[in-house]
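Worksheet: one structure, shown below.
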Amino acid sequence: MQEIEQSAGTFGDPARFMQLLPGVVSDNDQRNDFIVRGGNPAETAFVVDNIEMPSINQLALSDTTGGFVSMIDNAAVQNTILHTDAYDSKFDQRMSAVVEISTRPTVPVDSHVGTEFGIGGTGGSISRPLKPGGRDEGSGSMFISVRRSVLNWFTNDIGMNGVPIYSNGLIRADNRVDERNNWWGLSLTGVDSMDIHPSATDTYETTPFDIYYRGWRNTTGVNWQHVYSARSFGVLSLSNSEQKQTITDNAQMLSDAEAYYEDSHDGISTIKYDWTEQPKKWMTITGGAMGSIDRMHYDVQQPIPIPNPYSADPNQTNTLSMDRTFVTGSSAVYAQVAANLPHGMRIIAGDRLAQWALLGTYASTPKVVFSTPVLKTHIMMHIGYAQYAQLPPALYVLTFSNQANLTAIHSTHWTGGLNLIDRRRLRITVNAYDKHYRDYPISVDFPQLTMANIADTFGEAFLMFPMTGKGLGVARGIETAIDFKATRRLTLASTVTYMRTWYSGLDGVLRKGNFDIPVVANVSGNAILGKGWTASFRYSASTGKPYTPDNVALSFAQDRDIYDLSQLNGLRAPMYSRLDFRGEWTHPLAGGIFKIHIGLENALGATNFYSFLWRPNCDACGVLQQNQMPTFPDFGLRFSR
C-alpha cells in the first residue's frame with residue numbers, strides 16, 4: 334500500500350502503479366489501463382481475493398478496460414502480483430497476463446479509521462477486528478471504504494470535453510471459524526457517469542457528437558477454505574458480477590439526431606473449487622473446476638448511416654439494430670503439478686480445458702515451466718511454454734453474423750528469463766518472450782484490418798464490422814528490471830523493455846499493431862528526506878505510437894477522415910516522455926497521523942501524441958493532433974488513526 338501511495342505519477346492507484354513494471358506500457362496516460370507484453374488491455378485478467386473481476390475500473394465499456402483510477406481503495410491492498418510467464422492453470426483464460434491482488438491482512442488487525450481528499454477522489458475507510466467466530470480472539474477483520482470523484486468540482490473539462498463523475502465502495506471481511514475452516518469475501522461497487530459536449534462552432538473541435546454515458550458495476554464473492562490435513566486443503570468460491578451501461582450519442586451536424594444508443598447489461602455467476610495436495614515434500618498437486626452462467630442483454634441501435642473512415646465510399650456506412658437477451662455459460666477444469674528436483678531445479682506442468690457455449694467452442698491450454706541454477710551459481714534461469722485462449726469482446730461477437738464466424742482467440746507463449754542478481758540491496762532480472770496469436774478477429778470487408786488495429790473511440794461504437802476469426806499475430810520482447818536500494822533512505826528502480834507486435838488481416842500480411850511501441854523505459858525513485866518528508870520521481874520514455882494517416886485528397890474531398898489503408902500503422906509519432914514528481918509530509922496530529930502531498934504530472938510539459946482526428950467544423954483545416962496528459966497537478970490530504 335505504501336509503495337503505491339508514495340509513487341509519483343500514480344494518483345495512489347494500483348492500476349497506474351502497474352505501468353512501472355517491466356513489459357508494461359500505457360497506451361494513453363489519461364486512462365489507467367495498460368498493455369502487457371504487446372497484448373490488448375482486455376488480455377489482462379484481474380483477480381481480487383480469489384474472485385475474478387470483469388473490471389476494476391470506472392468507465393470501463395464493453396470494448397475498453399480503463400478509467401481515471403480504479404475502484405479498489407489503495408488502503409485495502411496488501412500485495413499485488415503481475416503474472417506473465419506461464420501463469421497458474423487455476424486462473425481463468427487471458428492471453429497476456431493476470432493481476433492478482435490480495436486485500437487479506439497477514440497480521441492481526443487493529444481498529445483504524447482514515448479520511449482522504451485528493452485528485453483521485455475524496456472518501457474514507459474503516460478497519461475493525463471482528464468478534465471471534467471461532468476459538469481465537471481477533472481471528473477476523475472487516476474493511477469498508479467509500480470514495481467519490483472531485484474533478485467535476487473544479488472543472489467541466491479535463492481535456493476531452495467532459496469530466497468523469499464516479500463513486501465506489503469496497504467491503505471486505507474475513508474470519509477464522511475453527512482450526513480447519515476460514516472464510517473471506519468482498520463486494521466492490523462503482524457508479525459512474527460522463528457527459529461529453531464538444532463545441533459545435535469551434536473550428537478546432539474534432540468530435541461532432543454529444544455523448545451521454547451512465548454505468549454501474551458490482552462484484553460480490555465469498556471463499557470458504559477447508560483444511561483436510563497438514564498437506565491438503567480446498568477452497569470453494571461463489572461470486573456474482575453485474576455490469577450495466579447506457580450510452581447515447583447525438584450527431585450535432587444532423588440536428589442532434591440520435592446516432593448511437595446502447596443499453597447493455599452483463600451478469601455472470603460463478604462457482605469454482607480449487608484443491609491443493611502435497612503428497613511428498615518435493616511435490617505439490619493442484620486441481621479444480623469452475624462453472625459460470627452468463628446473462629446478457631444488449632440493446633444497440635445505430636440508426637443513422639455514418640460513413641466508415643476505413644472506406645473511401647461515402648455510401649459504405651455503419652448501421653446496426655440489435656436487441657438480444659439470453660443466457661449462456663462456460664466451464665473449465667484444470668490440473669497442475671509442481672516438483673522440486675535435485676540441484677535446485679524445479680518444474681511446473683499443467684493443463685486447463687475450457688469451454689464457452691456462446692461460440693460453441695473449447696480449448697485445451699497446456700503449460701510447462703522449468704527453472705534451474707546456472708552452473709552452480711546464484712543465477713536462476715527459467716524457460717516456459719504455455720497456451721492461452723479467450724473470447725473476443727461480446728459486443729463484437731453479437732453484431733452482424735460474427736457469432737457464426739468467430740471462435741476463441743488462441744495464443745502460444747515461449748518465455749525465458751534470468752535472475753542475474755537477487756540480493757537484499759540489488760535485484761536484476763532479464764526476461765524474453767515470443768507470443769503467437771491465431772484465430773484473431775479480422776474484418777471481412779477490409780483485408781488489411783484486424784480487431785487489434787481498430788481505432789480507439791470512447792463511447793462511439795461506429796467502428797464495428799463483419800468479422801471472421803482467421804487473423805494471426807506475433808508479439809516479441811525482452812525486458813530488464815533493476816531494483817537498487819542505494820542507501821537506507823534512497824531506493825531506485827529502472828525497467829527497459831524492447832517489444833514488437835504485428836497482426837495480419839484477411840490478406841495475410843503482417844503489419845505493426847496499435848501497441849507496437851518498441852522501446853519503453855522507466856526510472857523511478859523514492860527518498861526519505863527527514864523531518865517527516867519523503868519524495869519520489871518517475872521518468873518514462875518510449876518510442877512513439879504507430880498510426881494510420883489519412884488519405885489526404887479523399888479526406889478533403891469528402892470532409893471526413895478516410896484512412897489510407899495502404900499505410901495501416903505505417904507512420905510513427907515522435908518519442909513519448911514524461912517526468913512526474915511527488916512530495917509528502919507526515920506529521921502526528923490529534924492521536925493520529927496527518928499526511929499532505931503535492932505533485933506534478935508531466936512536469937516538463939511534454940506534448941505527447943495520441944492520434945490525429947478530422948476537424949468537421951472547419952472545411953479546409955484537415956486533421957488536428959490529439960495529445961495525452963498535459964502538465965497536471967496532484968495533491969491530497971489524508972488523516973488516519
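Quick note: the sequence shown uses the numbering used here, first residue 334, plus one each step. Beta carbons: idealized from backbone N, C-alpha and C, even for Gly.
By the 10 Å Cβ neighbour count, where 16 or more other Cβ atoms means buried, how is residue i classified, buried or exposed?
i	result
R841	Before going further, note that residue 841 is Gly rather than Arg in the sequence given. Burial call: exposed.
F487	exposed
T536	exposed
L587	exposed
D755	exposed
R364	buried
V369	buried
A819	exposed
Q576	buried
R468	Bear in mind that the predicted position of R468 carries a pLDDT of just 47, short of 50, making it unreliable; the figure below should be weighed with that in mind. Its Cβ having fewer than 16 others within 10 Å, R468 is exposed.
F659	exposed
E512	exposed
Could you give the residue range of the beta strand (DSSP E) that holds residue i?
i	result
L970	965 to 973
Q391	Segment: none, Q391 is in no beta strand (DSSP E) and carries neither H nor E.
E433	430 to 435
N979	Since the first and last residues shown for the chain are 334 and 974, residue 979 lies out of range.
F487	Careful: F487 lies outside any beta strand (DSSP E), inside the alpha helix (DSSP H) at 484 to 487.
P612	590 to 613
F450	445 to 451
Q736	Careful: Q736 lies outside any beta strand (DSSP E), inside the alpha helix (DSSP H) at 735 to 738.
L922	909 to 922
Q720	713 to 723
G400	Here G400 belongs to no beta strand (DSSP E), and DSSP marks it neither H nor E.
How about residue i and residue j: are their beta carbons less than 7 angstroms apart?
i	j	result
V402	F344	yes
D599	M623	no
V431	F424	yes
P725	L708	no
L691	T661	yes
N859	S875	no
N902	P882	no
H490	L392	It should be pointed out that residue 490 corresponds to Asp in this sequence rather than to His. No.
V807	W835	yes
I477	I459	yes
H769	T745	yes
Q426	Q723	yes
Q635	Y593	yes
T830	A814	no
Let me know the secondary structure DSSP gives residue i once reduced to three states.
i	result
R468	At R468, the pLDDT of 47 sits below 50, so the modelled position is not reliable; the number obtained from the coordinates is stated separately. R468 falls in the coil class under three-state DSSP.
L957	strand
P879	strand
V730	helix
G677	helix
I639	strand
I787	coil
M493	coil
E376	helix
E385	strand
S899	helix
N407	helix
L982	The question about residue 982 has no answer, for the chain in this structure spans 334 to 974.
P347	helix
M475	strand
S422	coil
S644	coil
A854	strand
N361	coil
V842	coil
L353	coil
Starting from residue i, trace the alpha helix (DSSP H) in both directions and tell me its first and last residue.
i	result
R821	Looking at the DSSP string, R821 is not in any alpha helix (DSSP H), and its letter there is neither H nor E.
V568	Premise fails: V568 lies in the beta strand (DSSP E), 565 to 584, not in any alpha helix (DSSP H).
R756	Where R756 is concerned, there is no enclosing alpha helix (DSSP H), given that its DSSP letter is neither H nor E.
I337	335 to 338
F890	Note that residue 890 corresponds to Ala in the displayed sequence, not to Phe. 885 to 891 is the extent of the alpha helix (DSSP H) around A890.
Pull up the CB-CB distance for residue i and residue j, whole angstroms please, since I reckon it's below 8 angstroms.
i	j	result
N328	I712	The shown model of the chain, from 334 to 974, leaves out residue 328, and the question about it has no answer.
L353	S944	At roughly 24 angstroms, the Cβ-Cβ gap does not stay under 8 angstroms, so L353 and S944 are not in contact.
T439	Q411	6 angstroms
D684	S429	That pair is no contact at about 19 angstroms.
T565	E610	Note that residue 565 is Ser in the sequence shown here, rather than Thr. Indeed they touch by this definition, with Cβ atoms about 5 angstroms apart.
G447	A408	6 angstroms
I504	S482	Actually they do not touch by this definition, with Cβ atoms about 20 angstroms apart.
Is any beta-carbon of chain D found at less than 7 angstroms from that of residue i?
i	result
Q958	In the structure shown, chain D does not exist; there is a single protein chain.
Tell me whether residue i counts as near the ligand MG, meaning its Cβ is closer than 6 angstroms to at least one heavy atom of that ligand.
i	result
H715	What this structure holds is no ligand at all, so the ligand MG is not there to describe.
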